[in-house]
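Enquirer: Quick one: the structure is below, questions incoming.
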Amino acid sequence: MVAENGRLVPDPRHRLPGRGAWLHPATGCLDKAERRSAFVRALRLRSRPEVDVVRRWVQEQ
1 MVAENGRLVP
11 DPRHRLPGRG
21 AWLHPATGCL
31 DKAERRSAFV
41 RALRLRSRPE
51 VDVVRRWVQE
61 Q
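Residue numbers (the numbering used here): 1 to 61.
The structure is reproduced here in structure tokens:
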């Protein structure tokens, strides 16, 4: 996962620039990461990113 313009986007091939974070492609793991503000810490963000794109990606996996 990489944050772009306040949104979290999947990067399964690890090609996007910037700091990335790994996420197990399961809805439960995404929910837990959101509850714990894991993306804010891992990606060193100032606010919680939107995760709608990642949620759709996880559901497709």
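Glycine residues also receive a C-beta, built at the ideal position from the N, C-alpha and C atoms.
Model, not experiment: these values are computed from the prediction.
Along the chain, where does the alpha helix (DSSP H) that runs through Ala3 open and close?
Expert: Taking the sequence shown and counting its residues from 1, one reaches residue 3 at position 3. Element bounds for Ala3: not the alpha helix (DSSP H) but the beta strand (DSSP E), 2-4.
Enquirer: Between Leu16, Pro17, Met1, Gly18, which has its C-alpha nearest Pro10's C-alpha?
Expert: Looking up residue 10 in the sequence shown gives position 10. Just measuring C-alpha positions, the residue of Leu16, Pro17, Met1, Gly18 sitting nearest Pro10 is Met1.
Enquirer: When DSSP builds the beta bridges, which residues end up paired with Glu50?
Expert: Locating residue 50 in the sequence shown gives position 50, where the first residue counts as 1. Answer by DSSP bridge pairing, in chain order: Arg7.
Enquirer: Sort Arg55, Ala3, Glu50, Ala26 by Cα distance to Leu16 and report the nearest one.
Expert: The count along the sequence shown starts at 1 and reaches residue 16 at position 16. Minimum Cα distance to Leu16 is reached at Ala3.
Enquirer: Distance cutoff 8 Å, beta carbons only. Does Val40 sit that close to anything in chain C?
Expert: Checking the listed chains, one finds no chain C in this structure; it contains a single protein chain.
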